[in-house]
Structures are given as C-alpha cells and as structure tokens.
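Chemist: The structure follows.
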Amino acid sequence: MLEGSILSRPVYDVLEIRPGRLHLMVADAEGAEAILDLAASAPSDFFARAHVIYVPKRAGDKFIAKLEQLAPAQLYVGPTYEAALPRLRRVLAGAHMGLQVYLAGTEGLMGQAMFEATEAGIPHSAIQTEHRGSAVRRVQCVHCKGITEDVTHDPFQCAHCGLHLFVRDHYSRRIAAFQGVRVDAEDPGNIPESVERFR
Amino acid sequence: MSAGAAKIPVRVAEVTPVNELVTRFRFVRRDGGLMPTFSGGAHTVVEMNDKDRVRRNPYSIMSDPADREGYSISIRRDDNGRGGSLFMHRQVRPGMEMVISNPVNLFALDLRARKHLLLAGGIGITPFLAQIKQLSPMNGNFELHYSVRTASLGSYADELVANYRSRVHLYRDDRGEQIDLPALLDGQPLGTHVYVCGPKGMIAWVRKTATALGWPREAVHHEEFLAPASGKPFEVMLARSNKVIKVGEHQSLLEAIEAAGVEAPYLCRGGACGQCETDVIEYEGTFLHKDHWLTPTQCASGAKVMPCVSRFEGKTLVLDR
C-alpha cells in the first residue's frame, strides 16, 4: 500500500460494498483484482446494478474473462483511459443520487476518474479508491504545465519542456497529478542522479 | 479568551406573534451599528436574565443574511421545557435590552451542491428561511418539503408558498399527509445535498433512509439542538478552579459551572459543536452522555464529557476546569 506523507498526498483504502442504486467501477490493469476481491463479498444481485469500465493496459487479457463472469449490467473494456472517458462522462451525466463510485488501479487512473466524479457533484471523500499495481506517477511540470504520464524516475526530464524535475508528493485533485519542480533552479546544471522511485 | 462567541448588546425591536405557539423577535444593536454578516443556517445564543439565573439558548437566525440591520428569530413556546421559551414569550417586550452572541453556523449550505433539498419539521423551518433568502438571489436550486401539524401552526408556510410556489411542498399532519421520503430521495440528480431540521425522529428517519439508498454522509446535513435534560442533582469538583459545585435538577452542568463564576468554553449549548468538550480527571459513577459530539468509544472511555447537555450520576466527578 502507498504511504501517506503530506496532507495533499492521496491515500487509498480497500473497496467495500456500499448500498446504492447503481455501482460504477472504473479500473485499470491490476485494479481488476480489486473488483474481483470486492465481488467475493457482494450480494448476489450486486453486479446486476453495476457498470464496469476497464482499461487493461499491461495486464492484457489476464482479468477480462473473470470480469465477464461477474456478469455486470455493463462491462466496457477499452484501450486507454481517454477512450473510456466519453462513456464515463455519459454515465455520470445521467446518474442520480445513490450512485456509488469505486476506483481501482493506478493513481493516474483513479485521480482522473475522481476528478470527473467530483465535477459531477460527488464529494471526493465519498468516492472509494483502492491502489493496485504500478505506482508510476502522473506529474505536472509547474513551469510549462505539461503533464508527463507514467513517471518512474526522480528527477526526470519533462516530456514537454525538457527541464529536469523533482517529483513532489504535493498533489492536485483538480489536475489529478503530482507536482514536478525544476531540480536545478538554484544551481543550473547541478542535476542529481536520477533514481527509480516509482514502479 | 472569553467563553462562547463574541457578544452583541442589542435592543428588542419587535415582538410579533406568528401563531398560537410561535413568536418572532427582532434584535437591533444598541449602538445603532450593523450586525455581523452570517450565512443561512447560523444560530445566535440569546442570554436571558431570568430572576437570579442566566439562561442561554441557541436559536436559528431566520432573517435575510443580506440584512445587517438586525436579526430575527422565531421561538416556539414549550410549556414543558426548561423555561427559556416561556421567558421569551412572557417576559420579553419591545425596547428591552438583551445580549446575544455573534452568529455561529453549524448547519451551513454546501454551496458545491447542484441542488439543495430542504426538509423541515415544525419550527425546524427557521434555519431554512435564512438559507432560502440566501439561495434565492443567486438563483440557487432548492426544493423545500415542510411538514406542519395544522395549517395555522405552519409558521411562514403561506409566505413561502406565495414567494417560491413550485419549490415549496407542504405536508399537514392533521390531513394525514407525510413526505414520501424514499420516493423523494430516489431519483434526485447527482450532486444533490439534503438538509433536515426538525424533531429527533424526523432527523433519524431522513439520515437512515438516505444512507440505505446510498447517499454519502457528506451530502446529508442535519441540525438538532438538544435541550439539556433534567435529572438528579450531583456534585462536581472543578480541579483547576479548585471549587466544588452542585448541579441542580433543572440545571445543566455547563450552567452550574458558569453560575460558580468559572469561565467555560461553549458555542451551541446543544451538544452539536464540540466546543465545551471537557476532560474528566477522575470519576466514580455513570455518565449520561446526551450529545452528538463524542464518539461511542470516547463516551465509553469516561475521559471526556460535554457539559452543555450531558449529566452524571454517582459518587465523585472531577473535571479539568
């Protein structure tokens, strides 16, 4: 489980069944396992009122058959989060109170889906999250505002402006990203060795 | 630091009977100045010098938050209560000088909500009157469901219907009308917040129904001021002040502490805000916890007590006060 550090750094829990009219689940890669674990304690009619949006990424076909076996009312398997986004927005736009949202998988996916859910009016603290799989980070460069996905190293080079960025735990729910700050701002050229911090 | 919120010396500007049980009071500042701003749902604590005792009761401010000339409150007479409402109804006259507290809001609107669903029972309408006046000019999306005993006891029902028409739904007990809560909550748009103010049973019913339908706790707001319950008299040692005080049958522990000249913090005096939380140093006996503040674990620990509403039965009680 990912450790908390400063208040802004999101912490994640373990998904649990909650009463609801519709259960919306968004997961990527190993996040599917969190849904499968949740299913173990679900009442028999639970998935008849569930909509599952899944982006397999590096997990490939590994969990798809098992998700199908849960027989959710709707199961969408898509190539990327961006491809799934119109569907997520459509579900939220038509949803009513009593919608439960379950997010599982990487921080980048959970953060972006949480932003959509809070924009639709759900308090962020009412959205369940469970971190599974990769701990790579989605980072915004505070200088050029460009976002680099799947950051593994710290410091790393911004994919947009090329500055060497120190990855902070400072997190923005609005942009669903951690903050990257130029590491050699005080002493240009003095760039510490890049180490792999996020896998 | 003085106990409670800052105080405002006021003059009673108007006393207006609303119906057979409810009277409205309007306060203006004695120095002619403007009142502090407040937000809908706020209350003020009114100090009443009733013979040899000081009563302090919280009442929701019902007037327009944009109106800083004065505050209005409406009080339902409770003939079997501890006497605060009877004092207001019988003793308070226009022109009288009184002291009220700065407003404190423990029942604010969450302005991130897409829609505000307001559920009132009886005199529980008062915070919503201010909230509706706050929401209305900003085109806020609200819907009021107001349960009254009879038409004549439905305080402000007529003016609400006249001003806001389709947003106001009235239910009369004497006609057997009741809010169809499951149907009302089901199908509300995402981002709706529900607010309830009324009798204890109504609040519990709304919270339970909403939870069962999957409403997040963050979207369910309630306000209930508890009146301190009467009970057996008991003795308390105040360790820091080095005083032994007696809490009378119809007196709250907080009132007894104040009567002994010891300053104790408070805001709501109704078990809701947590301000008066007091550490217990030693006790032998049983706490009668009545507040909404302490968790069941804290109550069981015997380490804390909320003197505004809770009592004690037993041999010794020593408080860090």
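Protein chains in written order, with our numbering: chain A, 76 to 274; chain B, 3 to 323. Cβ atoms here follow ideal geometry from the backbone N, Cα and C, with glycine treated the same way.
From this set, R272(A), P230(A), V176(A), S269(A), which residue's C-alpha is nearest V101(A)'s C-alpha?
Modeler: It is V176(A) whose Cα lies nearest to the Cα of V101(A).
Chemist: From I125(B) to G186(A), what distance separates their C-alpha atoms?
Modeler: Straight-line Cα distance between these residues: approximately 43 Å.
Chemist: In the DSSP assignment, find the unbroken beta strand (DSSP E) run with R223(A) in it and report its ends.
Modeler: Sequence check: residue 223(A) is Thr here, not Arg. Residues 222-226.
Chemist: For the 8 Å Cβ check, are there 3 or more pairs between the segment 241-249 of chain B and the segment 262-272 of chain B?
Modeler: The answer is yes - the segment 262-272 of chain B touches the segment 241-249 of chain B, with three or more Cβ pairs under 8 Å.
Chemist: Verify whether the separation of the beta carbon atoms of L187(B) and A212(B) is less than 8 Å.
Modeler: Result yes, Cβ atoms of L187(B) and A212(B) sit closer than 8 Å.
Chemist: Mind the definition here: the segment 223-231 of chain B touches the segment 185-202 of chain B only if three or more C-beta pairs lie below 8 Å; say whether that holds.
Modeler: These segments touch.
Chemist: Taking any Cβ of chain A, which residues in the segment 175-195 of chain B have a Cβ under 8 Å from it, in chain order?
Modeler: Result list: L187, D188, G189, Q190, P191, L192, G193, T194.
Chemist: If I follow the unbroken beta strand (DSSP E) through S74(B), where does it start and stop?
Modeler: Its beta strand (DSSP E) spans residues 73-78.
Chemist: Skipping 5 residues on each side, what residues in its chain have a beta carbon closer than 8 Å to that of L290(B)?
Modeler: Counting only Cβ-Cβ distances below 8 Å, and skipping sequence neighbours, we find A231, G233, S312, R313, F314, E315.
Chemist: Unbroken beta strand (DSSP E) runs of length 3 or more, entirely within the segment 50-106 of chain B: which are they?
Modeler: Complete beta strand (DSSP E) runs here, min 3: 55-62, 73-78, 99-103.
Chemist: So with CB distances below 7 Å, who are the chain B contacts of P198(A)?
Modeler: Correct list: P218, E220, A221.
Chemist: From the beta carbon of R209(B), is the nearest beta carbon of chain A less than 8 Å away?
Modeler: No, its Cβ sits nowhere closer than 8 Å to a Cβ of chain A.
Chemist: Measuring alpha carbon to alpha carbon, tell me which residue in T18(B), P60(B), R32(B), E145(B) is nearest P11(B).
Modeler: Among T18(B), P60(B), R32(B), E145(B), the Cα nearest to that of P11(B) belongs to R32(B).
Chemist: Pairing CB atoms from the segment 151-163 of chain B with CB atoms from the segment 87-104 of chain B, are three or more of them under 8 Å?
Modeler: No contact exists between the segment 151-163 of chain B and the segment 87-104 of chain B.
Chemist: Closest Cβ-Cβ distance between V89(A) and chain B: below 8 Å?
Modeler: For V89(A), the answer is no, since every Cβ of chain B falls outside 8 Å of its Cβ.
Chemist: Note down, one range per segment and in chain order, each alpha helix (DSSP H) of at least 4 residues found wholly within the segment 113-163 of chain A.
Modeler: Taking only runs of at least 4 residues, the alpha helix (DSSP H) segments lying wholly in the segment 113-163 of chain A are 139-144.
Chemist: Around the C-beta of I197(A), are 16 or more other C-beta atoms found within 10 angstroms, so that it is buried, or is it exposed?
Modeler: So I197(A) ends up on the buried side.
Chemist: For the alpha helix (DSSP H) that contains D160(B), what are its first and last residues?
Modeler: Per DSSP, D160(B) belongs to the alpha helix (DSSP H) from 159-166.
Chemist: Would you mind sorting Q215(A) into buried or exposed? The rule is 16 or more other CB atoms within 10 Å of its CB.
Modeler: By the neighbour-count rule (16 or more Cβ atoms within 10 Å), Q215(A) is buried.
Chemist: Out of G203(B), Q277(B), S303(B), K135(B), which has the shortest C-alpha to C-alpha gap to I283(B)?
Modeler: Answer by Cα proximity: S303(B).
Chemist: Note down the Cα distance separating R249(A) from A134(A), rounded to an integer number of angstroms.
Modeler: So the alpha carbons of these two residues sit roughly 28 Å apart.
Chemist: Quick check: the Cα distance between V170(B) and R177(B), rounded to an integer number of angstroms?
Modeler: If you take the alpha carbons of V170(B) and R177(B), they lie about 18 Å apart.
Chemist: For G173(A), decide whether its Cβ has a neighbour in chain D, counting only Cβ atoms nearer than 8 Å.
Modeler: Annotation note: the requested chain D is absent from the structure, which comprises protein chains A and B.
Chemist: Is the beta carbon of M90(B) less than 8 Å from the beta carbon of F144(B)?
Modeler: No.
Chemist: Count the other CB atoms within 10 Å of the CB of N59(B); is the residue buried (16 or more) or exposed (fewer)?
Modeler: The residue in question, N59(B), is buried, as its Cβ has 16 or more Cβ neighbours within 10 Å.
Chemist: What's the call for I81(A), buried or exposed, on a 16-neighbour Cβ count within 10 Å?
Modeler: Exposed, because fewer than 16 other Cβ atoms sit within 10 Å of the Cβ of I81(A).
Chemist: For a contact defined as C-beta to C-beta under 7 Å, what are the partners of A214(B) on chain A?
Modeler: P94, listed in chain order.
Chemist: Just how far apart, CA to CA, sit E105(A) and C219(A)?
Modeler: Going from the Cα of E105(A) to the Cα of C219(A) covers about 32 Å.
Chemist: Please classify E22(B) as buried or exposed, where buried requires at least 16 other C-beta atoms within 10 Å of its C-beta.
Modeler: Exposed, because fewer than 16 other Cβ atoms sit within 10 Å of the Cβ of E22(B).
Chemist: The beta strand (DSSP E) spanning R257(A) covers which residue range?
Modeler: Here the beta strand (DSSP E) through R257(A) covers 252-257.
Chemist: Considering L321(B), what are the terminal residues of the beta strand (DSSP E) in which it resides?
Modeler: Element bounds for L321(B): 313-321.
Chemist: By the criterion of Cβ-Cβ separation under 7 Å, what are the contact partners of A170(A) in chain B?
Modeler: L192, listed in chain order.
Chemist: Would you decide whether V56(B) is buried or exposed? Buried here means 16 or more other CB atoms lie within 10 Å of its CB.
Modeler: Exposed, since its Cβ has fewer than 16 Cβ neighbours within 10 Å.
Chemist: Determine which residues share a DSSP beta bridge with D103(A) and list them.
Modeler: Answer is V130(A), bridged to D103(A).
Chemist: Short of 6 Å in beta carbon distance, which residues of its chain neighbour G153(A), apart from the five on each side in sequence? Order them along the chain.
Modeler: For G153(A), where only same-chain residues beyond five positions count, the Cβ hits under 6 Å are V130, A159.
Chemist: Quick one: is R271(B) buried, meaning 16 or more other Cβ sit within 10 Å of its Cβ, or exposed?
Modeler: Looking at its Cβ environment, which holds 16 or more other Cβ atoms inside 10 Å, R271(B) is buried.
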